[in-house]
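Beneath this line is the structure, given in structure tokens, with notes to follow.
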Amino acid sequence: MHSDVSLQRFKQFPRLMWIFLFGSFITRGSYYMVWPFLAVILYEKFALSATEVGMVLSSAAIISVFTSFVGSSLSDRIGRHKLMYLTGILYIISFSLLAEANSVEGYVVVMTLCSMATSLWRPLTSAAIGDIIADPKTRELAMQSLYFIVNVGCAVGPMLGVWLGLTGKQSSFYLTAVAFAVLLIMLYWGFNHQNRQDAALAAGASSNDNLSDATSGTESDGASECACDCVNGCVNGITSDGVNRGVNGLSSDTETSTKKAAVVSRKQIVAILLQDKLLQCLIVANILCMFIYAQMDSSLIQYLTRAGAPDLLTLISGMIFTNAMVIISTQFLLLKLMARFPLVKRIQIGLLLLICSQIWLAFNPLDLFWGWIGAIVVMSVAETILFPTMNVHIDRLAPDHLRGAYFGAASFYDLGFALAPLGGGIILDHFGGQWLFLTGAALSVLVIYLYSILDKLPRPDFAMFKVD
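Numbering of the sequence shown is given in this note's numbering, commencing with residue 3 and proceeding in unit increments.
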């Protein structure tokens, strides 16, 4: 399946999708004013070693990975909207507490809450997009757009923070809490609007059916019962998330799958995931990929801080800004250029660029400011290809009625992010920065191999699994 970027596709986005996009912009922008500087704060405030800083960052993230899987699987059963509200409240509480933390233990506890909220929010949003957009190409464009707007926020956040004098200040986390409060209000409005719109469309469809029956003169008791069943089916087709898949144009098979979603047992979900060897290999490959990328957010910053790189805060803000701007300026161009390539081929091209960036970082002189920026440019182009494609890959692998479970399983990718600060800190303490990035290059080669064998791996027969 090829990608399709056009104005007509954008016009197919429902209002709720635009709320997701705007909400992601304001929350990511405020988040990146200070979160990337946590390693600097912990080093300067508590004089922790690289390994100790890595342990603080990793312990919080590891717990959140398993929370994400459980929460995302539950979303298929109890509804994504409820979990999104709860996650948003958790965000507000945890970021408010983080603005006031003043001990290592306090940072560990509150950062764990923040990481849990983050790891829940991402798969919930991805799965919700799959719920509200039926067409696969439009859905792929929506996921690409979400990734794009997140990076707009990442670009604006650090630069706005520098301009306002907030960059690296702990109190800036209050802005993130306020941003999520605004997003929750918008989501409440958006979900209610979606529910009313779907109900109106369902009522209109049933009225047209009744008018057609009256005109043809074929209305009978049996036909009336069928019409009532049809109306009830349309109304019941509105899921617990308020999404009417029938109205939005999904096939009857998909409607059936959606109705089954609430009754597929946890045991069956686990059995399916254990039998899907392709998914398991994909998760391992992407854990390694995330481990490499996460070094930019943690270990690279630690390395530059401890090595005494000149203009440290400017360099860190510049790298974050460069990363986001490259993605913003190249994402849809690359999507067009690479549309003819299969998903796995796109990912392999991105991995080759990732290897080049790691080698560049390994040999760049400490005081060569633009050398660091250049390496980040190459890494960012690789990221532009890889990250949104990974989400699309999972979306295409997931059965409709198990989308939440599959995105929840994909959240195990975050183990790479979780282990990166600790693994990177250990390498920094014992081997130095150069070996950190050479290790990243070697792991990228391994990921390329894992992607090359995906098509040879077995998948379960989903028809064999009956709902309870």
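Positions of the beta carbon are idealized from the N, C-alpha and C atoms, including for glycine.
CB of Thr386 within 8 Å of CB of Thr332, strictly: yes
Close-in-space but distant-in-sequence residues of the same chain around Met340 (CB under 6 Å, 5 per side omitted): Arg348
Inter-stretch contact at 8 Å, needing at least 3 Cβ pairs: the stretch 78-98 / the stretch 40-58: no
Nearest-angstrom Cβ-Cβ length linking Asp137 and Gln14, presumed shorter than 8 Å: 7 Å
Inter-stretch contact (C-beta, 8 Å, three-pair minimum) for the stretch 399-410 and the stretch 351-363: no
Simplified DSSP assignment, three categories, for Ala422: helix
Cβ-Cβ distance between Phe97 and Ala183 below 8 Å: no
Environment of Gly426 [buried if 16+ CB atoms lie within 10 Å]: buried
Within 8 Å, strictly: CB atoms of Ala326 and Ala157: yes
Residues near Ala364 by beta carbon distance below 6 Å, same chain, minus five either side: Gln436, Phe439 and Leu440
Nearest-angstrom Cβ-Cβ length linking Leu281 and Leu275, presumed shorter than 8 Å: 7 Å
Collapsed DSSP secondary structure at Tyr34 in the structure displayed: coil
Beta-carbon gap between Ile151 and Met19 smaller than 8 Å: no
Inter-residue spacing [alpha-carbon to alpha-carbon] between Ile21 and Phe433: 46 Å
Presumed contact (8 Å Cβ cut-off) between Gly418 and Met292, rounded CB distance: 3 Å
Where the alpha helix (DSSP H) through Ala41 begins and ends: Leu40 to Phe48
Sequence-distant residues of its chain with Cβ nearer than 7 Å to Phe389 (five each side left out): Tyr149
Cβ pair Gly155, Met35 closer than 8 Å: no
Arg124 - containing alpha helix (DSSP H), residue span: Val106 to Ile134
Integer-rounded CB distance, given that Arg82 should sit under 8 Å from Gly376: Rounded, the Cβ-Cβ distance is 41 Å, inconsistent with contact.
Of the residues Pro16, Thr29, Tyr451 and Ala287, the one placed nearest Asn197, counting alpha carbons only: Pro16
C-alpha distance - Ala296 paired with His403, whole-angstrom precision: 32 Å
Sub-8 Å separation of Gly56 and Ile294 beta-carbons: no
DSSP three-state assignment for Phe433, whether helix, strand or coil: coil
Where Leu314 falls: helix, strand or coil (DSSP): helix
Which listed residue (Pro460, Ala144 and Ala41) has its alpha carbon closest to that of Gln277: Pro460
Three-state class that DSSP yields for Leu275 in the structure shown: helix
Backbone secondary structure at Ile455 - three-state DSSP: coil
Straight-line gap, Thr316 to Phe371 (C-alpha atoms, nearest Å): 10 Å
8 Å Cβ shell around Met161 - same chain, five flanking residues per side excluded: Ser319 and Phe323
Classification of Ile131 by the beta-carbon crowding that lies within 10 angstroms, buried from 16 upward: buried
Rounded C-alpha distance that separates Ile361 from Leu99: 39 Å
Option nearest Gln304 by Cα separation, candidates Ile428, Ser105, Tyr453 and Pro125: Ile428
Cβ distance (whole Å) where Leu122 is taken to contact Thr69 below 8 Å: 7 Å
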